[in-house]
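A.B. asks: In the working numbering, each residue's number is its place in the sequence shown (first place is 1) plus 293.
Just so it is clear, CB atoms sit at the ideal spot from N, CA and C, and this is done for glycine as well.
None of the values given here were measured: they were computed from a predicted structure.
Attaching a single structure in structure tokens format; questions to follow.
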Amino acid sequence: MIVLAFFLWAPSSGRYAVHPEHGVMALRRDERTQAINDKAARNGFVVTIGAIGGITLYFGSIVLTDVPVTVLSLVLALGILTYFVSDFWLRRA
């Protein structure tokens, strides 16, 4: 069911270019979608690394304790959220 939903959603999502002449391999990424994907991944990476750097400074020089796993999980979630928000924002045009 999820696969069917994906194939109904994908052609109209803006993530793929539809090339009917390729038959069953009709969904392809063009240069624009690849550039958007790269920018969104870069934005997520930069936010994640910046947050890890801030956490390292905070827990390493101010609090002087170990970093809780929940904080690292929140940083990972922040990076993923940044990726998807950035991807959505760049595809809106």
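Spatial neighbours of Ser379 within its chain, please: CB distance less than 8 Å, with the 5 preceding and 5 following residues excluded, ordered by chain position.
C.D. replies: Sequence-distant Cβ neighbours of Ser379 in its own chain, meaning closer than 8 Å and more than five residues away, are Lys332, Ala333, Asn336 and Gly337.
A.B. asks: Roughly how many whole angstroms lie between the Cα atoms of Asp323 and Phe352?
C.D. replies: 43 Å
A.B. asks: Would you call the region 339-347 and the region 368-383 in contact, with 3 or more CB pairs under 8 Å?
C.D. replies: yes
A.B. asks: How many angstroms separate the CA atom of Phe299 from the CA atom of Ile355?
C.D. replies: Rounded to the nearest whole angstrom, the C-alpha separation of Phe299 and Ile355 is 47 Å.
A.B. asks: Which of helix, strand or coil does DSSP assign to Leu320?
C.D. replies: strand
A.B. asks: Where does the unbroken alpha helix (DSSP H) through Val378 begin, and where does it stop?
C.D. replies: Val362 to Arg384
A.B. asks: Under the rule that 16 or more other beta-carbon atoms within 10 Å means buried, what is Thr358, buried or exposed?
C.D. replies: Looking at its Cβ environment, which holds fewer than 16 other Cβ atoms inside 10 Å, Thr358 is exposed.
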